[in-house]
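Protein chains: 2
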Amino acid sequence: MSEVSMLQEIWTEYRTDIDAALESYLDLGPNCPTKLQEAMHYSLMAGGKRLRPVLVLLACEACGGKAVDALPAACAIEMIHTYSLIHDDLPAMDDDDVRRGKPTNHKQFGEAMAILAGDALLTLAFQIVAQDVQPQDVAAACCADLAGAAGAAGMVAGQVADLEAEDSGIKDIQHLEGIHRRKTGRLLSCALSLGARIAGADWELRNHLVEYGKSVGLAFQIADDLLDVSGNSETIGKQTQKDADHGKLTYPSLLGIEESRDKAKQLIQDAHERLKPLGEQGQRLAALADFIIDRDH
Amino acid sequence: MSEVSMLQEIWTEYRTDIDAALESYLDLGPNCPTKLQEAMHYSLMAGGKRLRPVLVLLACEACGGKAVDALPAACAIEMIHTYSLIHDDLPAMDDDDVRRGKPTNHKQFGEAMAILAGDALLTLAFQIVAQDVQPQDVAAACCADLAGAAGAAGMVAGQVADLEAEDSGIKDIQHLEGIHRRKTGRLLSCALSLGARIAGADWELRNHLVEYGKSVGLAFQIADDLLDVSGNSETIGKQTQKDADHGKLTYPSLLGIEESRDKAKQLIQDAHERLKPLGEQGQRLAALADFIIDRDH
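Chains A and B, in that order, give the protein sequences. For the first sequence, the working numbering gives the first residue as 1, with consecutive numbering after it. For the second sequence, the working numbering gives the first residue as 1001, with consecutive numbering after it.
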């Protein structure tokens, strides 16, 4: 069995665990209004790939920890990812009607509920990490990590820079990387950091994994841009060619398709380098890096 | 000097410390876009009363802790309060143009930036508590507390219930209390809980303070409703009579002005009862409870 098919097998298994844990975290008791719970559930359980939570579990195992201990942090990061999609899709932002082949949250539940469902998912993420990650000092460190990655100097900053880029017309590769590093890169590398923290990895190993995460994150974004040019909306479940039609900054539009592919490959090589200190324990993360640029959705 | 003037003196002093700490927390480095930082600053430094952070500091001191140790948590709770105002004011929600005598955040910076500034303030709140509250196990407990109070079974639930009430036309006192308990009560009583935790108070004392917070929070809301009927927009800095004009559920509309006043007074008495175990150390919190129903803005 190839490394990639072994990865796919464990991914399927992890995904089942993650989905079950997410479902149980959405059981918020009688104080949570039904409509709010439905709106949170709708987007959180819409069938995402669960890339970020899978990375948390893989990083934890690669550092000698147990995946089950990393499950709360895995759920938290998926909630933050989902909240960001709900808010980014809003009419005032990217104004998207379709996400993962379904109406976006505000199309289904209205704008007010979509804003609030996003707010609630973001908040719940911190509650879960603070309550369920053990020991408590690791919980606090994970909360700080997650907030740094998601906040005003991380993911939110990336979304602001992305919106500003559309207006400003600045089109250079440094600018584009600055957007992606913050908009998707910080949260993705945070997944690795959380897994390493929960496994009790030392600073050096955690740093290698964070750097692996940065490379994989950027490669993932380039692959996404490439899929937008070459994919079709049935396979990837959202409107394709939309970025290009909006004149949005993408790797293919700046570097061309071939150079974008080369860049993604180089990044995956960098990611592999960072896994060397892990030896055999890094195999699944290595397979995941390869999978990133070979996927078709 | 009366208890209330002593409170006003310490409040002014605390407010200076809180404002300085908030300013320094908004220094987010080069990764935070200037416009985002401006939008966060605009609402956070718009001259709020700082009731919630002052409660954190008073509760910490009342339990024998140092106010300075509670300053990070005080800033965090003010950020969460501010984020909730920014999002509540959005066109999709309460659609307000004026807040604290100034244009609301989305009127000043546009809807996208207002949504993102709110998201960033919420996230920053957790980062501050996780990083700066000591020791780390108390930091994790404070994060969990704050998230529980602000989230899908707390403040966000209250806002959803409030929006739903406008549509449903349900007009009874249980329903109204259910809204306020979650929309404002949970976060306000959380302020007390955070202060008590940071001072190392035991569960029983913390519980008394949380109950004090519930009573004061509801009294504060009733006083707000009463000001909306009798105040003028110059003193309180927002559109008055607006709630009534929107047919919004309020205490005076359900109970009448006199009965609403009596209810607020009863709640303040309940709050005083809860402070008895603190003895002299509870004096400032007692004065604050009295101040709540005597204020004119």
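Built from N, CA and C at the ideal position, the CB exists for glycine as well.
1) Our contact map puts A1070(B) next to G1217(B) with C-beta atoms below 8 Å; I'd like the distance itself, whole angstroms only.
2) If you measure from the beta carbon of V1156(B) to each beta carbon in chain A, is any gap under 8 Å?
3) For the segment 1048 to 1061 of chain B, list every residue whose C-beta sits within 9 Å of some C-beta in chain A, in sequence order.
4) Exposed or buried, which one is V133(A) when buried takes at least 16 other CB atoms within 10 Å?
5) Nearest by alpha-carbon distance to I1128(B): which of Q127(A), A144(A) and A191(A) is it?
6) Tell me the residue span of the alpha helix (DSSP H) that contains T82(A).
7) Between the Cα of Y212(A) and the Cα atoms of L176(A), R284(A), M155(A) and L249(A), which residue gives the shortest distance?
8) Taking just the CA atoms, how far does A1264(B) sit from R1181(B)?
9) Cα separation between A1076(B) and M6(A)?
10) In whole angstroms, what is the alpha-carbon distance linking D17(A) and G29(A)?
11) What's the C-alpha gap between V1156(B) and S1024(B)?
12) Taking the alpha-carbon positions, what's the W1011(B) to K1066(B) distance?
13) Buried or exposed: where does S215(A) fall if 16 or more other Cβ atoms within 10 Å of its Cβ makes it buried?
14) Are the C-beta atoms of D96(A) and some chain B residue less than 8 Å apart?
15) Quick one, which of G1200(B), G1178(B), G1154(B) and S1168(B) has its alpha-carbon nearest H1081(B)'s?
16) Quick one: residues in its chain with C-beta nearer than 8 Å to the C-beta of E78(A), no 5 flanking neighbours on either side, listed in chain order?
17) Would the segment 1164 to 1181 of chain B count as touching the segment 1138 to 1152 of chain B if we require 3 or more Cβ pairs under 8 Å?
18) Roughly how many angstroms lie between the CA atoms of A219(A) and C190(A), to the nearest whole one?
19) Kindly indicate which three-state DSSP category K214(A) falls into: helix, strand or coil?
20) Quick check: A1112(B) and A92(A), are their CB atoms within less than 8 Å of each other?
21) Whole angstroms is fine: what's the gap from S1322(B)'s alpha carbon to A1287(B)'s?
22) To which residues does DSSP link P103(A) through a beta bridge?
23) Quick one: what's got a C-beta closer than 7 Å to E1234(B)'s C-beta in the same chain, skipping five residues either side?
24) Would you list, in sequence order, the uninterrupted beta strand (DSSP E) runs of no fewer than 3 residues that lie entirely inside the segment 159 to 215 of chain A?
25) Secondary structure at Q239(A), three-state DSSP: helix, strand or coil?
26) Using the beta-carbon of each residue, which ones in chain B are nearer than 8 Å to R182(A)?
27) To the nearest angstrom, how far is the alpha carbon of R1295(B) from that of W203(A)?
28) Taking all protein chains shown into account, do 16 or more other C-beta atoms lie within 10 angstroms of the C-beta of Q159(A), making it buried, or fewer, making it exposed?
29) I'd like to know whether the C-beta atoms of K1248(B) and E1177(B) end up nearer to each other than 8 Å.
30) Leaving out five residues before and five after K1183(B) in sequence, what residues of the same chain have Cβ atoms less than 7 Å from its Cβ?
31) State buried or exposed for A20(A), treating a residue as buried only when at least 16 other CB atoms are found within 10 Å of its CB.
32) Is the beta carbon of C60(A) less than 8 Å from the beta carbon of I198(A)?
33) Would a C-beta distance cut-off of 8 Å place D94(A) and P103(A) closer than the cut-off?
34) In chain B, which residues lie with their C-beta within 8 Å of the C-beta of T123(A)?
35) Specify the secondary structure class of G148(A) as computed by DSSP and reduced to three states.
36) Identify each residue in the segment 133 to 147 of chain A for which the Cβ-Cβ distance to at least one residue of chain B is less than 7 Å, and report them in chain order.
Looking at the atomic coordinates:
1) Between G1217(B) and A1070(B) the Cβ distance is about 19 Å, and since that is not below 8 Å, they are no contact.
2) yes
3) none
4) buried
5) A144(A)
6) L71 to D89
7) R284(A)
8) 14 Å
9) 44 Å
10) 22 Å
11) 28 Å
12) 15 Å
13) buried
14) no
15) G1154(B)
16) I18, L22, L44, G48, R50, R52 and P53
17) no
18) 16 Å
19) helix
20) yes
21) Examination of residue 1322(B) is not possible in this model, given that chain B is present from 1001 through 1297 alone.
22) V98(A)
23) Because the pLDDT of E1234(B) is 48, which lies under 50, any placement of that residue in the model is unreliable, and the question is left without a value.
24) none
25) Residue confidence is low: Q239(A) scores 48 on pLDDT, short of 50, so the model does not pin down where it sits. Its coordinate-derived value is still stated next. Q239(A) falls in the coil class under three-state DSSP.
26) N1031
27) 53 Å
28) buried
29) no
30) M1155, G1158, Q1159 and D1162
31) exposed
32) yes
33) no
34) L1122, A1147, A1150, G1151, A1152 and V1156
35) helix
36) Q136, D137, A139, A140, C143, A144 and A147
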